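The structure appears below as structure tokens.
Numbering (my numbering), first residue to last: 615 to 696.
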């Protein structure tokens, strides 16, 4: 019998300060993810403005009003368990 791998999705994200999100995934794990290093990349540069950073939403991953988003796998792999 084959088992299917579960696709990792973000179910919620809470801003905890200093460009860090507490992300909960569909496997029940919570991880605190520091996104400050990403803000040096062109795709995320406008998120250095904290007001813009706070305009995020969750729809299977974290996304921003600017159109930027982050793969759930990145959040999971780079987060610290809580």
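Quick reminder that beta carbons are idealized off the backbone N, C-alpha and C, glycines included. It should be emphasised that the depicted structure is a prediction, and the values quoted were computed from it without experimental measurement.
| query | Can you tell which of 630, 661, 642 has the C-alpha that lies nearest to the C-alpha of residue 624? | reply | For the options 630, 661, 642, the alpha carbon positioned closest to that of residue 624 is the one of 642.
| field | Spatial neighbours of residue 629 in its chain, beta-carbon cut-off 7 Å, leaving aside the 5 residues before and after | value | Excluding residues within five positions, the ones whose Cβ falls inside 7 Å are 635, 668.
| From 640, 620, 627, 645, residue whose alpha carbon lies closest to that of residue 690 | 645 is the residue among 640, 620, 627, 645 whose C-alpha sits nearest the C-alpha of residue 690.
| task | Can you tell me which of 664, 672, 654 puts its alpha carbon nearest to the alpha carbon of residue 638? | result | Of the listed residues, the one whose Cα sits closest to residue 638 is 672.
| said: Distance cutoff 8 Å, beta carbons only. Does residue 674 sit that close to anything in chain D? | reply: Looking at the structure shown, chain D is missing, and only one protein chain is on hand.
| said: According to DSSP, simplified to helix, strand and coil, what is residue 633? | reply: Coil.
| Just how far apart, CA to CA, sit residue 631 and residue 664? | If I take the Cα positions, the gap works out to 10 Å.
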